[in-house]
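Student: Per my numbering, the sequence shown starts with residue 36, numbered consecutively. We put the beta carbon where it would ideally sit given N, CA and C, even for glycine. From a predicted model like this one, the values you see are computed outputs, not experimental measurements.
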Amino acid sequence: MPIKNHHLTSTNNQYNALLRDPKLKDDQTIHADGEIINFQKKTGSKKHLFRGFDLDESKIVGLISPEGDGNCGFRAVSLSVYGNQGQCIQPCTIFNHWFDVTMCPQTVADTYKRPVVAYMLHTFHNKKNELIQQKAQDLYLPLCDLDFQKKDKPIIIYLNSNHFYLVELGLTPGGKPKRITYPEISCLYHPIIQSFLQDCSQDYTIFYK
């Protein structure tokens, strides 16, 4: 049976307690803020999502699957920042854009002044019916203004088979997100910094090496 009427109001890591609940089964449906969110554990029918996943699974408590309506990338970001799925949808609706995996993570990093980690895994069969996996992972940092209170609280999104998930990190005993090994900085970062030195005078990569 679904667990109903959980009102989740804090941002980031807000789902940790529910994800660690031993009563929560795989594929459990949670009603939060009037919306349906699927909390997915690393076992059972969703285990395949973590195959080839390059983030240390010991640091993760679960994946959160937003509504798959074409706006799942924006919804995943909204879940992390606002605790509901709807806050980032308006720009997408106006401009009719998908969440582009190259430019949108950079825009999110600049908007919310915090790091964004994007993992991508695409699995398909080639003409010889061989299973092929294409993987990518990048770190996106704010170009001009990093919120130092959130520099170790990344927004982590994971694209698997055309659907975005929010990755929820576990917490340290002190209540902070577990620190991860960050992937390489996006190839866009330094060329943009060099082009706009007056506006982007601080190189934030020194905090993520």
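Measure the beta-carbon distance from E219 to D173 and round it to whole angstroms, keeping in mind my assumption that it falls under 8 Å.
Tutor: 7 Å
Student: For K94 versus R149, is the C-beta distance shorter than 7 Å?
Tutor: no
Student: What residue range does the beta strand (DSSP E) around T158 cover?
Tutor: V151 to H160
Student: Rounded C-beta distance between C235 and I228? I'm assuming under 8 Å.
Tutor: 5 Å
Student: Can you say whether A153 is buried or exposed, counting buried as having 16 or more other CB atoms within 10 angstroms of its CB?
Tutor: buried
Student: For H157, which residues from the same chain have a beta carbon less than 6 Å from its beta carbon, with the 5 sequence-adjacent residues on both sides left out?
Tutor: Q169
Student: Which residue comes first and which comes last in the beta strand (DSSP E) that contains F109?
Tutor: That residue, F109, is in no beta strand (DSSP E); its alpha helix (DSSP H) goes C107 to Y117.
Student: When you compare only the Cα positions, how much space is there between T44 and V116?
Tutor: No answer about T44 holds up, because its pLDDT of 35 lies below 50 and its placement is not dependable.
Student: What are the complete beta strand (DSSP E) segments, minimum 3 residues, inside the segment 145-232?
Tutor: 151-160, 166-175, 190-195 and 198-204
Student: Pull up the DSSP beta-bridge partners for G97, would you.
Tutor: E203
Student: If the criterion is Cβ atoms closer than 7 Å, does the pair P177 and A144 meet it?
Tutor: yes
Student: Secondary structure at Y243, three-state DSSP: helix, strand or coil?
Tutor: The answer is coil: DSSP assigns Y243 none of H, G, I, E or B.
Student: Taking the beta carbon of L204 as the centre, do at least 16 other beta carbons fall within 10 Å, making it buried, or is it exposed?
Tutor: With 16 or more Cβ atoms within 10 Å of its Cβ, L204 is classed as buried.
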